[in-house]
Amino acid sequence: MSDVFMNTYHRLPVTFAKGDGAWLTDITGKRYLDFTAGIAVNCLGHGYPALVKAIADQAAKLNHVCNYYQSDVSAAFAEKLVAACSGAGMQKLFLGNSGAEANEGACKIARKYSLKKYGEGRHQIVTLRGSFHGRTITTLAATGQDKFHQDFGPFTEGFLYAPGGDIDALDRALDRNTVAGLLIEAIQGESGIVPQTPEYIAAAAKLCAERDILLMFDEVQCGVGRTGTFLACEAYHDEHGLGVKPDVVTLAKGLSAGLPVGAVLAGEKAADTLGNSDHGSTFGGNPLAAAAGLVVLETVNNPAFLKEITRKGEKIRADIRAWNHPKVKEIRGRGLMIGVDITDDAWPILEKAIARADAKTPGLLILSAGPKTLRFLPPYIISDAEIEQGLGILRDLL
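Numbering (numbering that gives the first Met the number 0), first residue to last: 0 to 397.
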């Protein structure tokens, strides 16, 4: 492994050279079954033929256009993405490069919306304890986990944290005189795959609507089909049994299946909040990422494909439950976003899953999400046989 990188990652001792489907091969030729998808990024696996062709074809035509202009492929991608999110009420978008950038855009939309309508002083953004919204100074401030706040202050001011699941606490936090937006993950990823309850989401939608506070869903990890609906928030309903209609949604990770992209989308209330020069991104809407994103949208935003994501996730959870393993404490999640609490520390399991690989025996790539939680985010194209093979490896490791 190269030692010229800054020591910002707790890396496992493997360097990859190529991938195929749900498999990765390291520089020594050892193979690993991938239950990570690059942390929900490689949603179509590795070397997906239509994706490879789209990127190659686009690279031969146009790699970059500055934001004085539009490219044909970026415009097509934007139109198709808004259409995919129209069921949640989305009407317009801004394209960037990452989830953190998308969440920064959401915060700017909430603050400008409130400033223009109510004047100064109504700028607070409420997020939840256990949340994760990015690693910039502002999105770290938005992140409701103290461990991420060490060493980098002072942070951007104006963020408040409410405990998830506590409707009374949320009611108190959402002060109509000081709060501009609520930024929430339908399923928190980095703190252990923690879904919000339907009752909590319904209450959040009602409180935000009554107080004209923007309801914003961070779908960076849980969106783009990961949970079996294109947006995770689409599985929730308001107090009247109607689908929740957020004011803002952020997306990234799997949106271009491996190329850098981020998007912040807005519904009717906030769609026209940002004006000329209010926001920008040199590489946002990059033609290569847009070409890849079109393949993702054409493949994933399909009822039959989404149904398979749900079925595969149910299979994983059911198979693990059937073990009745004494070290498995709890299984959470939806679709192919799964957290498994175990009695042992999680990181040594990740190490053992890598170390078992040799010329004949495959390794397994899994993630952690907290000290004792294993996290599974496999590519959507993983087969039942590969699921069973990976779970068999995991069971042996436990």
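Quick reminder that beta carbons are idealized off the backbone N, C-alpha and C, glycines included.
(request) Compare the Cα-Cα distances from Thr27 to each of Ala21, Pro12 and Thr35 and report the closest residue. (result) Walking along the sequence shown from the start, residue 27 turns up at place 28. The option with the nearest alpha carbon to Thr27 is Pro12.
(request) Count the other CB atoms, across all protein chains shown, that sit within 10 Å of the CB of Trp22; report buried if there are 16 or more and exposed otherwise. (result) For the purposes of this step, residue 22 is taken as the residue at position 23 of the sequence shown. Buried: at least 16 other Cβ atoms inside 10 Å.
(request) To the nearest angstrom, report how far apart Gly46 and Pro162 are at their CA atoms. (result) The residue you call residue 46 lines up with position 47 of the sequence shown. The residue you call residue 162 lines up with position 163 of the sequence shown. Computed Cα separation, rounded: 41 Å.
(request) Count the C-beta pairs between the region 244 to 263 and the region 84 to 94 that are closer than 8 Å, then say yes if the count reaches three, no if not. (result) yes
(request) With DSSP as the reference, label Ser367 as helix, strand or coil. (result) Here residue 367 refers to the residue found at position 368 of the sequence shown. Ser367 falls in the strand class under three-state DSSP.
(message) As an exercise, report each continuous beta strand (DSSP E) stretch of at least 3 residues that is fully enclosed by the region 213 to 265, in chain order.
(response) 213 to 217 and 247 to 250
(message) If the criterion is Cβ atoms closer than 8 Å, does the pair Leu364 and Leu376 meet it?
(response) Counting from one through the sequence shown, the residue named residue 364 turns up at place 365. Counting from one through the sequence shown, the residue named residue 376 turns up at place 377. No. Outside cutoff.
(request) Quick one: measure Cβ to Cβ for Leu287 and Ile108, integer angstroms, because I've assumed they're closer than 8 Å. (result) For the purposes of this step, residue 287 is taken as the residue at position 288 of the sequence shown. For the purposes of this step, residue 108 is taken as the residue at position 109 of the sequence shown. With 8 Å as the limit, Leu287 and Ile108 do not qualify as a contact, their Cβ atoms being about 26 Å apart.
(message) Please report the straight-line C-alpha distance between Gln123 and Thr177, rounded to a whole angstrom.
(response) Within the sequence shown, the letter at position 124 stands for residue 123. Within the sequence shown, the letter at position 178 stands for residue 177. C-alpha separation (whole angstroms): 6 Å.
(message) Which of the three DSSP states is assigned to Leu397 in this structure?
(response) In the sequence shown, counting from the first residue as 1, residue 397 sits at position 398. Residue state, collapsed to three classes: coil.
(request) Starting from Asp340, follow the beta strand (DSSP E) in both directions and report where the run begins and ends. (result) Locating residue 340 in the sequence shown gives position 341, where the first residue counts as 1. Met336 to Ile341 is the extent of the beta strand (DSSP E) around Asp340.
(message) Can you look up Ile330 in the DSSP assignment and give me helix, strand or coil?
(response) Taking the sequence shown and counting its residues from 1, the one referred to as residue 330 is at position 331. The answer is strand: DSSP assigns Ile330 an E or B state.
(request) Kindly list the residues whose CB is nearer than 6 Å to the CB of Ser97, restricted to its own chain and excluding five residues on each side of it in sequence; keep chain order. (result) Residue 97 sits at position 98 when you count from the first residue of the sequence shown. Result list for Ser97: Ala251 and Gly261, in chain order.
(request) Measure from the alpha carbon of Gly369 to the alpha carbon of each residue in Lys146, Leu159 and Arg333, then state which is nearest. (result) The residue labelled residue 369 in the question sits at position 370 within the sequence shown. Ranking Lys146, Leu159 and Arg333 by Cα distance to Gly369 puts Lys146 first.
(message) Is the separation between the beta-carbon of Gly164 and that of Thr196 shorter than 8 Å?
(response) For the purposes of this step, residue 164 is identified with residue 165 of the sequence shown, where counting begins at 1. For the purposes of this step, residue 196 is identified with residue 197 of the sequence shown, where counting begins at 1. It is a contact, given that the beta carbons lie within the stated cut-off.
(message) Relative to the C-alpha of Phe304, which candidate in Arg128, Asp357 and Gly224 has its C-alpha closest?
(response) Residue numbering aside, residue 304 sits at position 305 when the sequence shown is read from its first letter. Nearest option by C-alpha distance: Gly224.
(message) I believe Gln187 touches Gly129 by the beta-carbon criterion, under 8 Å. Please report the beta-carbon distance rounded to the nearest angstrom.
(response) Counted from its first residue, the sequence shown places residue 187 at position 188. Counted from its first residue, the sequence shown places residue 129 at position 130. About 5 Å separates the two Cβ atoms, so the contact holds.
(request) In the DSSP assignment, find the alpha helix (DSSP H) that holds Arg210 and state where it starts and stops. (result) In the sequence shown, the residue the question calls residue 210 occupies position 211. Start and end: Pro197 to Arg210.
(message) Please identify the residue among Phe154, Val51, Gly284 and Gly257 whose C-alpha is closest to the C-alpha of Gln69.
(response) Position 70 of the sequence shown, counted from the first residue, corresponds to residue 69. Per the Cα distances, Gly284.
(message) So, under 8 Å CB-CB, Gly338 and Thr372 are touching, yes? Tell me the CB distance rounded to an integer number of Å.
(response) For the purposes of this step, residue 338 is identified with residue 339 of the sequence shown, where counting begins at 1. For the purposes of this step, residue 372 is identified with residue 373 of the sequence shown, where counting begins at 1. Indeed, because the Cβ distance is near 5 Å, the residues count as touching under 8 Å.
(request) List the DSSP bridge partners of Gln123. (result) The residue you call residue 123 lines up with position 124 of the sequence shown. According to DSSP, Gln123 bridges with Val178.
(request) Taking Ala336 and Ile183 to be in contact with their CB atoms under 8 Å, please state how far apart those CB atoms are, rounded to whole angstroms. (result) Start at 1 with the first residue of the sequence shown, and residue 336 comes out as number 337. Start at 1 with the first residue of the sequence shown, and residue 183 comes out as number 184. For the record, residue 336 in the displayed sequence is Met; it is not Ala. That belief does not hold up - the Cβ atoms of Met336 and Ile183 are roughly 16 Å apart, past 8 Å.
(request) Find the nearest neighbour of Pro200 within the set Tyr235, Pro48 and Ala208, judged by alpha-carbon distance. (result) For the purposes of this step, residue 200 is identified with residue 201 of the sequence shown, where counting begins at 1. The sequence shown places Ile at residue 200, not Pro. When each option's Cα is compared against that of Ile200, the closest is Tyr235.
(message) Can you tell me whether Ala99 is buried or exposed? The criterion is at least 16 other CB atoms within 10 Å of its CB, across all chains shown.
(response) The sequence position of residue 99 within the sequence shown is 100, counting from 1. By the neighbour-count rule (16 or more Cβ atoms within 10 Å), Ala99 is buried.
(request) Measure the alpha-carbon distance for Pro194 versus Asp271 and round it to whole angstroms. (result) Here residue 194 corresponds to residue number 195 of the sequence shown, with the count starting at 1. Here residue 271 corresponds to residue number 272 of the sequence shown, with the count starting at 1. Each residue's alpha carbon lies about 31 Å from the other.
(message) In this structure, how does DSSP classify Gly389 when only helix, strand and coil are distinguished?
(response) As a first step, residue 389 is located in the sequence shown; it is residue number 390 there, counting from the start. DSSP places Gly389 in helix when its eight states are reduced to three.
(message) Rounded to the nearest angstrom, what separates Asp179 and Cys232 at their Cα positions?
(response) Numbered from 1 along the sequence shown, position 180 holds the residue referred to as residue 179. Numbered from 1 along the sequence shown, position 233 holds the residue referred to as residue 232. Checking the sequence shown, residue 179 turns out to be Ala, not Asp. Between Ala179 and Cys232, the C-alpha separation is close to 20 Å.
(request) Mind listing, in chain order, the continuous beta strand (DSSP E) runs of no fewer than 3 residues lying wholly within the region 96 to 172? (result) 123 to 127 and 158 to 161
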